[in-house]
Amino acid sequence: MAKKDYYDVLGVSKDASDDEIKHAYRKLSKKWHPDINKAPDAEEKFKEINEAYETLSDPQKRANYDQYGSAEGAAGGFGGGAGAGGFGNFDSGGFGFDDIFSQFFGNRQQSADPSAPRQGRDLQYQMTLEFEEAIFGKTTRIKYNREAECQTCGGSGAKPGTSPVTCSRCGGRGFVVTETNTPLGRMQSRQTCPVCHGTGKEIKEKCPTCGGSGHVDERHEVEVKVPAGIDDGQQMRLQGQGEAGANGGPYGDLYIVFRVKPSKVYTRDGSTIYVDQKISFARAALGGKIKVKTVHGDVELKIPAGTQTGTTFRLKGKGAPRLRGNGNGDERVTVTVTTPKTLNKEQRIAMEAFAKASGENIGSGKGASNFFDKVKDAFDKK
Ligand SMILES: [Zn+2]
Ligand SMILES: [Zn+2]
Numbered sequence: 006m007a008k009k010d011y012y013d014v015l016g017v018s019k020d021a022s023d024d025e026i027k028h029a030y031r032k033l034s035k036k037w038h039p040d041i042n043k044a045p046d047a048e049e050k051f052k053e054i055n056e057a058y059e060t061l062s063d064p065q066k067r068a069n070y071d072q073y074g075s076a077e078g079a080a081g082g083f084g085g086g087a088g089a090g091g092f093g094n095f096d097s098g099g100f101g102f103d104d105i106f107s108q109f110f111g112n113r114q115q116s117a118d119p120s121a122p123r124q125g126r127d128l129q130y131q132m133t134l135e136f137e138e139a140i141f142g143k144t145t146r147i148k149y150n151r152e153a154e155c156q157t158c159g160g161s162g163a164k165p166g167t168s169p170v171t172c173s174r175c176g177g178r179g180f181v182v183t184e185t186n187t188p189l190g191r192m193q194s195r196q197t198c199p200v201c202h203g204t205g206k207e208i209k210e211k212c213p214t215c216g217g218s219g220h221v222d223e224r225h226e227v228e229v230k231v232p233a234g235i236d237d238g239q240q241m242r243l244q245g246q247g248e249a250g251a252n253g254g255p256y257g258d259l260y261i262v263f264r265v266k267p268s269k270v271y272t273r274d275g276s277t278i279y280v281d282q283k284i285s286f287a288r289a290a291l292g293g294k295i296k297v298k299t300v301h302g303d304v305e306l307k308i309p310a311g312t313q314t315g316t317t318f319r320l321k322g323k324g325a326p327r328l329r330g331n332g333n334g335d336e337r338v339t340v341t342v343t344t345p346k347t348l349n350k351e352q353r354i355a356m357e358a359f360a361k362a363s364g365e366n367i368g369s370g371k372g373a374s375n376f377f378d379k380v381k382d383a384f385d386k387k
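Letter by letter, the sequence shown follows residues 6 to 387 of our numbering.
Here it is in structure tokens:
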């Protein structure tokens with residue numbers, strides 16, 4: 006794959022501010038998210054957008070990219086952890102939950118001050134639901150790994166009783182300026198401070214639990230109330246259930262993306278549920294009550310005499326709940342009139358009598374089969 010210009014990918018100018026880049030990224034990543042966008046190239050685009058953002062959102066990588074057309078060297082290559090890692094892998098395992106994670110919206114807005122509080126990363130969780138579970142909702146608990154604030158040091162990274170001090174190398178600015186000789190003259194570039202890694206704080210005595218990072222890995226468990234009427238591809242945000250922030254910033258959020266398994270009986274479009282119902286040609290001709298499956302249980306449906314195959318009936322309120330609003334959608338029942346493949350003697354006599362009463366000349370043998378073809382034709386017509 007030929008690398009596209011990162012600025013073009015995000016649709017921003019070369020001198021775009023960090024905010025403009027972030028804004029463009031959020032907009033595009035939502036638009037091209039493979040859960041939302043079903044275009045065949047959505048996943049590819051989404052990866053491209055993430056790759057562009059990964060470089061342009063990082064001052065160091067962006068500087069390298071502007072100068073050399075590549076962020077390589079600083080970043081150690083693309084396509085690794087961040088961004089689209091978990092997408093495209095929607096197989097459900099076990100009892101219907103996927104434990105697939107990926108960074109969702111990447112890092113949030115970062116202040117120029119490296120010691121300012123920053124919100125933690127958002128996480129994404131894929132939850133697979135049975136068809137009926139999506140319709141009726143359920144309460145469940147999920148477990149996943151996340152970075153949590155270290156309890157020993159309260160997130161500071163410093164050994165209890167000590168505190169981080171202003172970085173001696175960069176004076177708290179978080180970056181250092183280096184000069185290099187190039188054929189075009191001396192060039193200045195900003196590098197993230199190698200001592201404090203951009204935080205501006207230096208930890209002299211590291212916290213023994215987290216080793217100075219302020220974060221620890223934790224297996225986190227949270228209760229999820231799946232709303233009744235959720236549909237495939239929709240998502241839900243759980244505030245503060247993402248990863249721990251930096252410098253005392255708040256936790257990020259958890260996005261739960263729902264996948265709904267198809268049903269063998271029903272199809273669904275929003276709050277409307279569709280079902281196909283077979284009826285005999287006698288029932289179609291004479292009319293009467295039939296039993297129809299709905300997700301709310303079997304119901305009786307009265308069909309009029311002379312019902313044709315392909316006719317659709319509406320069962321009000323027997324569909325899926327509407328997520329925003331009151332009540333349920335409808336179920337739509339489409340009837341198919343079936344022709345018997347074989348007839349016993351009694352049925353044959355009755356059918357021949359029927360044909361005679363209809364003024365059709367039915368003989369035995371070949372004639373009879375012609376007759377059934379006609380019956381079939383009559384009932385197969387829409
Ligand atoms: Zn700690
Ligand atoms: Zn420093």
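Heads up, the beta-carbon is just placed ideally off N, CA and C, and yes, glycines get one too. A quick note: this is a predicted structure, and the numbers were derived from the prediction, not measured.
In terms of Cα proximity to Gly234, the closest of Ser276, Gly364, Lys209, Gly159 is Ser276.
In its chain, beyond the 5 residues on either side, Ile41 have a beta carbon closer than 8 Å to the beta carbon of Lys35.
Following the DSSP letters along the chain, one finds Asp274 inside the beta strand (DSSP E) bounded by residues 271 to 274. In this structure the region 271 to 288 lies against the region 320 to 339, because at least three pairs of beta carbons, one per stretch, are closer than 8 Å. Exposed is the label assigned to Gln313, since fewer than 16 other Cβ atoms lie within 10 Å of its Cβ.
Sequence-distant partners of Gly203 (beyond 5 residues in either direction) whose C-beta falls short of 8 Å from its own C-beta, in its chain, are Pro119, Gly179, Phe180, Thr197. Placement of the Cβ of Thr272 at a distance of 7 Å or more from every heavy atom of ligand 1 is found. Residue pairing from DSSP places Thr277 in a beta bridge opposite Asp274. Under the DSSP assignment, Leu328 falls outside any alpha helix (DSSP H); it carries neither an H nor an E label. If you look at Glu53, you'll find it isn't in any beta strand (DSSP E); it sits in the alpha helix (DSSP H) that goes 47 to 61. Boundaries of the beta strand (DSSP E) harbouring Lys148: 143 to 154, taken from the DSSP string.
Annotation for Leu243: the continuous beta strand (DSSP E) segment containing it runs 240 to 243.
Per the Cβ contact rule, the region 181 to 197 is not in contact with the region 123 to 138 (fewer than 3 Cβ pairs under 8 Å).
The alpha-carbon separation between Leu15 and Arg319 amounts to approximately 47 Å.
About 6 Å separates the beta carbon of Phe286 from that of Thr344, a gap short enough to meet the 8 Å contact definition. Between the beta-carbon of Gly217 and that of Gly162 there is about 4 Å, and that keeps the pair under the 8 Å contact cut.
Bridge pairing for His220: Glu154 [DSSP].
Judged by DSSP in its simplified three-state form, His28 adopts helix.
Exposure of Val182 is indicated by the presence of fewer than 16 other C-beta atoms within 10 angstroms of its C-beta.
Assigned with DSSP and collapsed to three states, Ser194 falls in strand. In the DSSP assignment, Gln352 falls within the unbroken alpha helix (DSSP H) covering 350 to 362. Those residues that bring their Cβ nearer than 5 Å to a heavy atom of ligand 2 are Cys172, Arg174, Cys175, Cys198, Val200, Cys201.
Secondary structure within the region 163 to 191: the beta strand (DSSP E) runs of 3 or more consecutive residues, fully enclosed, are 180 to 187 (chain order).
The region 22 to 30 makes contact with the region 54 to 69: 3 or more CB pairs, one atom from each, lie closer than 8 Å. DSSP, read as helix, strand or coil, puts Ile208 in coil.
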